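Below you'll find the structure, written out as structure tokens, and then a few comments.
Residue numbers (the working numbering), protein chains in the order written: chain A, 1 to 410; chain B, 1 to 270.
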């Protein structure tokens, strides 16, 4: 018997292997069913696809470029014992309108919101990129928009708060718990429980109850589809490896998914190693966590032994989350994707490196992928190709990165 | 072995009486409070008490219960410590006729393992289990283990739940079903039940003989009266309104007194 391809998930119950599912109060089930039905129809509707593709082309600026990162490749060679290194290629999601891959998802979900006849959209945000992308899509498509953001994140990503407000969205800061992404997600879910009739909850990553992990993955898959085509054009082959950072995991899912059944392509997800390996110091559930239920699905989570969600830490607000998408848990357990982590310090080094050597200021999230990619390329042979998802730009991070870099100086 | 919850509802039905089911947060207002609170609630007219096991991310709960859970966790309350308080309270034979239901997130149940968790709850002295973030689709992960352990399991039915789905949910329940008076999160807001609630209850009666408990938004004796008499529910569940009073009261006798007085006022609506 041949095995079903790994890409053939989730099943109708929203399961990726054992992971995923629908762990939500009954109040939300009708809305999730409606969303799944509407999404299935939209996916098969050429008019919906045309609307979305037009927006992605003329509003977002897709396709985003594939960029040969020669200075990073040189740097990898300098680290290599053999003096050889793989060519590093960057998928430039940082060039998307509004600054990151997040807009690929929010435009799709905003169009679905319109199809469902709902006038209001809400979102959670960590780094503020998903909030900005939701506010952008809402402004463009005439939806009213409210974004929940932890007060700690609102402090360290102040620029994005201002952007959301300029776009006409209301930003609601959340002071409960750790005051970061997890708590913003709780509040957005609570809002939705009281507002499902007229509101769509635009989840920002491949997390949450079914059908969200599937929908967000599908909407982000354009990253990998384009990159695959671009690689064939640029060097006539698939890349030997693909590297992406993983918080909730949407940019990684988007670039990995089209390569999932290409078993010769190594896929590596990079989590936030934060300040160290102890519980509370990092945000690396795939590397350090265990299976558990959080925010509506079963996946790897960082919890204490009693099942309480653990505190997490990362210099990057977008990675500062104790859970991860269930499809990543599936990919981990099947061995299809390997997961590693990069510390705050390593990410800051990579942030500086790519800024100064390539002239690209990356998001702190994406700097985690760069940090690992440079070291991985140094272990690979000349003539091999390493594709990295540069998921967002670093404009939002300049104050925080400057503060962190200054604080490290002796 | 019969279950206390089944016994209580059977007796209430025989005598055409209604049931009051207050909710408290385990470990609040202080560790060790539970026995006194249960005695006070029982004495004031509660037949069943729901005990919420504090969880760090209770997405179905409004600020009052979520806040109380946060305080409990800050004070070091754990699922184990709540089970231990139940075990201690069960030594009091005056509470033999009081049924206890654990309200707990799937995050905690999964971590223990559903089978082990159900067993531990039953051993500690719980009679029933509600896992509010487990809908019909995932119910089989709980129900068989609860039945084996001798616990009733109750799943939620929301205003947005279509009637045929509500029937399927009721089929998975034992003990009683839990119908939400309104959508949204736990809290005192929402006022009395609508005609719609009465219709939903009547509709569900056609396909289940289980008692129907109604919660969310009930905050007074008048609210209880409307739910059990006007809308026709078998039981009224009151959470946030009681938890708020407990959070405001100093632990000890004052808290017990606050519970006794408030539960009495709720029971006046039965």
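Ideal Cβ placement from N, Cα and C applies to all residues, glycine included. These numbers were taken from a predicted model, which means no experiment stands behind them.
Would you decide whether residue i is buried or exposed? Buried here means 16 or more other CB atoms lie within 10 Å of its CB.
i                      : result
residue 10 of chain A  : buried
residue 57 of chain B  : buried
residue 391 of chain A : buried
residue 201 of chain B : buried
residue 109 of chain A : buried
residue 42 of chain A  : buried
residue 94 of chain A  : buried
residue 50 of chain A  : exposed
residue 220 of chain A : buried
residue 171 of chain A : buried
residue 199 of chain B : exposed
residue 118 of chain A : buried
residue 83 of chain A  : exposed
residue 16 of chain B  : exposed
residue 162 of chain B : exposed
residue 190 of chain A : buried
residue 405 of chain A : exposed
Between residue i and the rest of its own chain, which residues show a CB-CB distance below 7 Å, the 5 nearest in sequence each way excluded?
i                      : result
residue 179 of chain A : 150, 151 and 152
residue 1 of chain A   : Below a pLDDT of 50, predicted positions are generally treated as unreliable, and residue 1 of chain A, at 48, falls in that range; the measurement from the model is reported next regardless. Taken in chain order, the list of residues that qualify is empty.
residue 151 of chain B : 118, 121, 122, 126, 127, 128 and 129
residue 358 of chain A : 69, 71 and 72
residue 257 of chain A : 7, 217, 221 and 224
residue 98 of chain A  : 132, 133 and 136
residue 194 of chain B : none
Starting from the beta carbon of residue i, find every residue of chain B whose beta carbon is closer than 9 Å, and list them in chain order.
i                      : result
residue 182 of chain A : 56 and 57
residue 242 of chain A : Chain B residues near residue 242 of chain A: none, gap ~32 Å exceeds 9 Å.
Measure the CB-CB distance between residue i and residue j and report whether it falls below 9 Å.
i                      : j                      : result
residue 266 of chain A : residue 242 of chain A : yes
residue 39 of chain B  : residue 94 of chain B  : yes
residue 137 of chain A : residue 106 of chain A : yes
residue 396 of chain A : residue 159 of chain A : yes
residue 207 of chain A : residue 325 of chain A : yes
residue 169 of chain A : residue 217 of chain A : no
residue 292 of chain A : residue 110 of chain B : yes
residue 140 of chain A : residue 235 of chain A : no
residue 350 of chain A : residue 342 of chain A : yes
residue 364 of chain A : residue 318 of chain A : yes
residue 21 of chain B  : residue 215 of chain B : yes
residue 389 of chain A : residue 91 of chain A  : yes
residue 17 of chain A  : residue 209 of chain A : no
residue 283 of chain B : residue 52 of chain B  : Past the boundaries of the shown model lies residue 283 of chain B; chain B is included only from 1 to 270, so the question cannot be answered.
residue 246 of chain B : residue 37 of chain B  : yes
residue 202 of chain A : residue 167 of chain A : no
residue 148 of chain B : residue 173 of chain B : no
residue 412 of chain A : residue 116 of chain A : Nothing about residue 412 of chain A can be read from this structure; chain A reaches only from 1 to 410.
residue 61 of chain B  : residue 186 of chain B : yes
In chain A, which residues lie with their C-beta within 7 Å of the C-beta of residue i?
i                      : result
residue 111 of chain B : 292, 303, 306 and 307
residue 134 of chain B : 23
residue 157 of chain B : 26
With a CB to CB cut of under 6 Å and the five nearest residues on each side skipped, what residues in its chain are close to residue i?
i                      : result
residue 338 of chain A : 268
residue 163 of chain A : 132
residue 55 of chain A  : 107
residue 287 of chain A : 271, 339 and 341
Using a Cβ cut-off of 8 Å, pull out every chain A residue sitting near residue i, in sequence order please.
i                      : result
residue 31 of chain B  : Neighbours of residue 31 of chain B on chain A: none; closest Cβ ~15 Å, over 8 Å.
residue 185 of chain B : 190, 193 and 194
residue 213 of chain B : Within 8 Å Cβ-Cβ: nothing; residue 213 of chain B doesn't reach chain A, min ~14 Å.
residue 124 of chain B : Residues of chain A passing the Cβ test: none, with the nearest at roughly 15 Å.
Listing by chain order, which chain A residues have their CB less than 9 Å from the CB of residue i?
i                      : result
residue 161 of chain B : 26, 27, 29 and 30
residue 34 of chain B  : Within 9 Å Cβ-Cβ: nothing; residue 34 of chain B doesn't reach chain A, min ~18 Å.
residue 180 of chain B : 25, 26 and 27
Hey, is residue i close to the ligand GTP, as in C-beta under 8 Å from one of its heavy atoms?
i                      : result
residue 128 of chain B : In the structure shown, the ligand GTP is absent, as is every other ligand, since no ligand is present at all.
Can you name the residues of chain E whose CB is closer than 8 Å to the CB of residue i?
i                      : result
residue 373 of chain A : Annotation note: the requested chain E is absent from the structure, which comprises protein chains A and B.
Once you ignore the five residues that flank residue i on each side, which residues in its own chain have a CB closer than 8 Å to its CB?
i                      : result
residue 5 of chain A   : 260 and 261
residue 320 of chain A : 126, 153, 180, 181, 247, 272, 283, 312, 313 and 314
residue 299 of chain B : Outside the shown range of chain B, which is 1 to 270, sits residue 299 of chain B, and nothing can be said about it.
residue 75 of chain B  : 27, 30 and 31
#### Entry: Positions along the region 91-108 of chain B whose CB lies within less than 8 Å of some CB in chain A
105, 106, 107 and 108
### Task
Select from the region 63-84 of chain B all residues with a C-beta closer than 9 Å to any C-beta belonging to chain A, and list them in chain order.
63, 66, 67, 70, 73, 78, 79 and 80
#### Entry: Near-chain A residues of the region 130-154 of chain B - C-beta to any C-beta below 8 Å
132, 133, 134, 135, 136, 137 and 138
### Interface positions of the region 156-186 of chain A facing chain B (Cβ-Cβ less than 9 Å), listed along the chain
176, 177, 182, 183, 185 and 186
### Message
For the region 8-19 of chain A, list every residue whose C-beta sits within 7 Å of some C-beta in chain B, in sequence order.
### Response
13
### Query
Which residues, in order along the region 195-207 of chain B, keep a beta-carbon less than 8 Å from a beta-carbon of chain A?
none
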